[in-house]
Amino acid sequence: MSDYDIVIGARSDRRLTAGDYLAKLVPDFMELHGDRLCGDDPAVIGGIGTVGNIPVTVIALEKGKTTEERILHNFGSAHPEGYRKALRLMRQAEKFHRPVVCLVDTAGAFCGVDAEEHGQGRAIADNLAQMSALRTPILSVILGEGGSGGALALCHADRIWMIEDAYFSVVSPESCANILWKDTGRAGEVAEALALTAPKLKRMGLIDRICTTGDPKGLAEEIAKELAILADMRTEDLLEARYRRFRNAGY
Amino acid sequence: MEGQTGDRLSGGNVMNLKSLFMKANNAPEGSGFRLGRYIVCKGCNRRIAVARVRREFFICPSCGRYMTVRARRRILMLTDKRSFVEHDRDLTSRNVLAFPQYDEKLEAARANSRENEGVVCGTATVEGHPVCIFAMDANFMMGSMGTVVGEKITRLFEYAAGKHLPVIGVTVSGGARMQEGMLSLLQMSKVSAAVERHSAAGNLYIVLLTDPTTGGVDASFAMLGDVTLAEPGARVGFAGPRVIEKSLNQALPKGFQRAEQVLRCGFIDAIVPRKEQKTVIAKLLAWHGTP
Chain U
0 MSDYDIVIGA
10 RSDRRLTAGD
20 YLAKLVPDFM
30 ELHGDRLCGD
40 DPAVIGGIGT
50 VGNIPVTVIA
60 LEKGKTTEER
70 ILHNFGSAHP
80 EGYRKALRLM
90 RQAEKFHRPV
100 VCLVDTAGAF
110 CGVDAEEHGQ
120 GRAIADNLAQ
130 MSALRTPILS
140 VILGEGGSGG
150 ALALCHADRI
160 WMIEDAYFSV
170 VSPESCANIL
180 WKDTGRAGEV
190 AEALALTAPK
200 LKRMGLIDRI
210 CTTGDPKGLA
220 EEIAKELAIL
230 ADMRTEDLLE
240 ARYRRFRNAG
250 Y
Chain A
0 MEGQTGDRLS
10 GGNVMNLKSL
20 FMKANNAPEG
30 SGFRLGRYIV
40 CKGCNRRIAV
50 ARVRREFFIC
60 PSCGRYMTVR
70 ARRRILMLTD
80 KRSFVEHDRD
90 LTSRNVLAFP
100 QYDEKLEAAR
110 ANSRENEGVV
120 CGTATVEGHP
130 VCIFAMDANF
140 MMGSMGTVVG
150 EKITRLFEYA
160 AGKHLPVIGV
170 TVSGGARMQE
180 GMLSLLQMSK
190 VSAAVERHSA
200 AGNLYIVLLT
210 DPTTGGVDAS
220 FAMLGDVTLA
230 EPGARVGFAG
240 PRVIEKSLNQ
250 ALPKGFQRAE
260 QVLRCGFIDA
270 IVPRKEQKTV
280 IAKLLAWHGT
290 P
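Protein chains in written order, with numbering that gives the first Met the number 0: chain U, 0 to 250; chain A, 0 to 290.
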């Protein structure tokens, strides 16, 4: 299976979506809507549920399965309102010392006139900066597509995990090939070079764990265990370790 | 502002001035290109003497178009004469992912910009106020952010936080540098965290957005200033206009992603003409309690 096949597979509509994982992770999930500024973005599902006996805030980028669902969730591409809802719920989690779990599956942040006019760049930047100092544990899992800044905006976390056949990339291989050589036919070659698969990113030390695909129950158990470990850390140590993890990226 | 100071700071000589400008076909929008002792404005196609263009802050005296300014010249325009001390000049990028043709691109970018990387960082004074300053360089792979750009800016914010200095940042960028894959995307997180620490310690960060500031830079430190200034007409946005046009299959509204419109949307504090930028920044510094 080539790296490009993994990208294609991660986009497949037969794949489990964030909602499937959400159901196993927090069966008692209650969705909380809205960014308290101007809207409620259906690409981002946020709310509270319990993992073990511990209340947890969960934020998920949901693509939907049927055509109707996919349209409703805007194919998992969030507007600024979605990132702001996520940040609002993370702030709420911080206040009540709840850990945050982010389930990420998006081709990227939505590209559109309204998204730009409502400050897509600022919304993502705010998430990165605020999550870096959020005084509660954050665990992010890339379930399928980890599309560039739109995925990164929910990955400023203490732990970043990936499902074994997910990808996480700075750019889609097609766009990259198009920008560099005006030739989307070279997407396969580019996918290889971008080092976007879970094993490659793990080897580079950019993600922490590779999880089995198609096993929401197993993932839920792993998350519960890890949250218990993170809960035992002093907040100052947690924040310092979080700072170091990104500080050490790449240089 | 004098040319001589620029030559001294760029570590070159008068000969270097001849390569101040890149070839026209590589130039970002708004630029001019060099023809002997003249610069040809891309806006009106007039030839203007280099010395005059420099005196005029790289604004075309004929049509008023803002030309692209390289990072070092930008720092000269905003800081006091001979006050700039550069940090981390020698950091250079490596082709860590063995990405096709990246080595050649880096080499061309170094020749084109006469810089080791796409950002110049250091300390300086602005009308006597000590600051840390960084300026990105459009001549280096369109100011794209790779690991070295991220590292240099992060180091600058950490240094500034340690010394309780304000940071002035001049942005111009096409976004994250694709050739470094996820390593470059994560620079957004890394720099944003450093900006947050600098900010939490009560320090001032002023951003000056210049044409164009887009992609991963727009979605990180360009949008995290305490005060956000922009040059007139600068393109500021997350997604490229062609990407939006293509994905929506519709023409974009007039003035879309231009600084004036972005200000109306609420994401820019003030649009400041080039000749007034130093004065405005000095005023802001004075109000924020630096000596």
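Even glycine gets a Cβ: it sits at the ideal position worked out from N, Cα and C.
Legend entry - chain U within 7 Å of A:Cys-264, Cβ atoms only: True, the Cβ-Cβ gap to chain U drops below 7 Å.
Inset, instruction - Determine whether the Cβ of U:Val-170 lies closer than 7 Å to any Cβ atom of chain A. - result: Answer yes: the Cβ-Cβ gap between U:Val-170 and chain A drops below 7 Å somewhere.
Legend entry - Cβ of A:Val-171 within 7 Å of any chain U Cβ: no
Inset, instruction - Could you spell out where the beta strand (DSSP E) holding A:Asp-210 opens and where it closes? - result: Residues 204 to 213.
Inset, instruction - Would you list, in chain order, the members of the stretch 126 to 148 of chain U that have their beta-carbon closer than 7 Å to a beta-carbon of chain A? - result: Per Cβ criterion, the list reads Leu-127, Ala-128, Ser-131, Ala-132, Ser-147 and Gly-148.
Inset, instruction - Using a Cβ-Cβ cut-off of less than 9 Å, give me the residues of the stretch 107 to 124 of chain U that come near chain A, in sequence order. - result: Listed in chain order, the positions of the stretch 107 to 124 of chain U with a beta carbon within less than 9 Å of a beta carbon of chain A are Gly-107, Ala-108, Phe-109, Cys-110, Gly-111, Val-112, Ala-114, Glu-115, Glu-116, His-117, Gly-118, Gln-119, Gly-120, Arg-121, Ala-122, Ile-123 and Ala-124.
Legend entry - Boundaries of the alpha helix (DSSP H) in which U:Phe-245 is found, first to last residue: Counting along the chain, the alpha helix (DSSP H) containing U:Phe-245 begins and ends at 234 to 246.
Legend entry - Contacts around U:Ala-85, its chain only, beta-carbon distance under 7 Å, and the 5 residues preceding and following it disregarded: The answer, listed in chain order, is Val-43, Gly-45, Ile-58, Asn-126 and Leu-153.
Legend entry - Span separating the alpha-carbon of U:Leu-71 from that of A:Gly-142: 37 Å
Inset, instruction - Scan the stretch 57 to 141 of chain U and note each continuous beta strand (DSSP E) run of 3 residues or more that stays entirely inside, going in chain order. - result: 99 to 105
Legend entry - Same chain only: Cβ atoms within 7 Å of A:Glu-275, ignoring 5 sequence neighbours per side: none
Legend entry - Where U:Ile-5 falls: helix, strand or coil (DSSP): helix
Legend entry - Contacts of A:Val-166 in chain U (Cβ-Cβ under 7 Å): For the C-beta of A:Val-166, not a single chain U residue is nearer than 7 Å; the gap to the nearest is close to 14 Å.
Inset, instruction - Tell me whether A:Tyr-101 sits in a helix, a strand or coil according to DSSP, three-state version. - result: Taken through DSSP and simplified to helix, strand or coil, A:Tyr-101 comes out as helix.
Legend entry - 8 Å contact criterion, which A:Asn-115 and A:Arg-71 should meet: CB distance rounded: With a Cβ gap of about 12 Å, A:Asn-115 and A:Arg-71 do not count as contacting.
Legend entry - Cβ distance (whole Å) where U:Ala-108 is taken to contact U:Ala-77 below 8 Å: Contact flag correct, Cβ pair sits at about 6 Å.
Legend entry - Any C-beta of chain U under 7 Å from that of A:Ala-50: Not one chain U Cβ lies under 7 Å of A:Ala-50.
Legend entry - Neighbour flag for A:Ile-243 against chain U, beta carbons, 7 Å: yes
Inset, instruction - Grab the span of the alpha helix (DSSP H) containing U:Gly-46 for me, first residue to last. - result: Element bounds for U:Gly-46: not the alpha helix (DSSP H) but the beta strand (DSSP E), 43 to 50.
Legend entry - Chain-ordered residues of the stretch 116 to 137 of chain A with a beta carbon less than 8 Å from chain U: none
Legend entry - Status (buried if at least 16 other CB within 10 Å, exposed otherwise) for U:Cys-110: buried
Inset, instruction - Could you run through the stretch 95 to 107 of chain U and flag, in chain order, every residue whose CB is less than 9 Å away from some CB of chain A? - result: Using a CB distance below 9 Å, the part of the stretch 95 to 107 of chain U facing chain A consists of Gly-107, ordered along the chain.
Inset, instruction - For A:Arg-109, I'd like the list of residues in its chain whose CB is within less than 7 Å of its CB, leaving aside the five on either flank, ordered along the chain. - result: So the list reads Asn-115, once near-sequence residues are dropped.
Legend entry - Burial state of A:Trp-286 (16 or more Cβ within 10 Å): exposed
Legend entry - Proximity winner among A:Ala-200, A:Leu-182 and A:Gly-214, relative to U:Lys-199 (alpha-carbon distances): Of the listed residues, the one whose Cα sits closest to U:Lys-199 is A:Leu-182.
Legend entry - Candidates A:Val-119, A:Pro-129, A:Pro-165 and A:Lys-104: closest to A:Met-140 by CA position: Measuring from the Cα of A:Met-140, the nearest candidate turns out to be A:Lys-104.
Inset, instruction - Assign U:Ala-194 to one of three DSSP states: helix, strand, or coil. - result: coil
Inset, instruction - Could you tell me the boundaries of the beta strand (DSSP E) in which A:Cys-40 lies? - result: Annotation for A:Cys-40: the continuous beta strand (DSSP E) segment containing it runs 37 to 40.
Legend entry - 7 Å Cβ cutoff, A:Lys-22 in contact with chain U: Bear in mind that a pLDDT of 38 at A:Lys-22, under 50, signals an unreliable position, so the model cannot answer this.
Legend entry - Close Cβ partners of U:Lys-201 (< 7 Å) along its chain, the five nearest in sequence each way excluded: Non-local C-beta neighbours of U:Lys-201 in its own chain, meaning closer than 7 Å and more than five positions away in sequence, comprise Ile-209, ordered along the chain.
Legend entry - Residues near A:Arg-73 by beta carbon distance below 7 Å, same chain, minus five either side: Ala-134 and Val-169
Inset, instruction - Determine the contact status of U:Leu-142 and U:Leu-102, defining contact as a CB-CB distance below 7 Å. - result: yes
Legend entry - Status (buried if at least 16 other CB within 10 Å, exposed otherwise) for U:Met-29: It is exposed - the Cβ of U:Met-29 has fewer than 16 other Cβ atoms within 10 Å.
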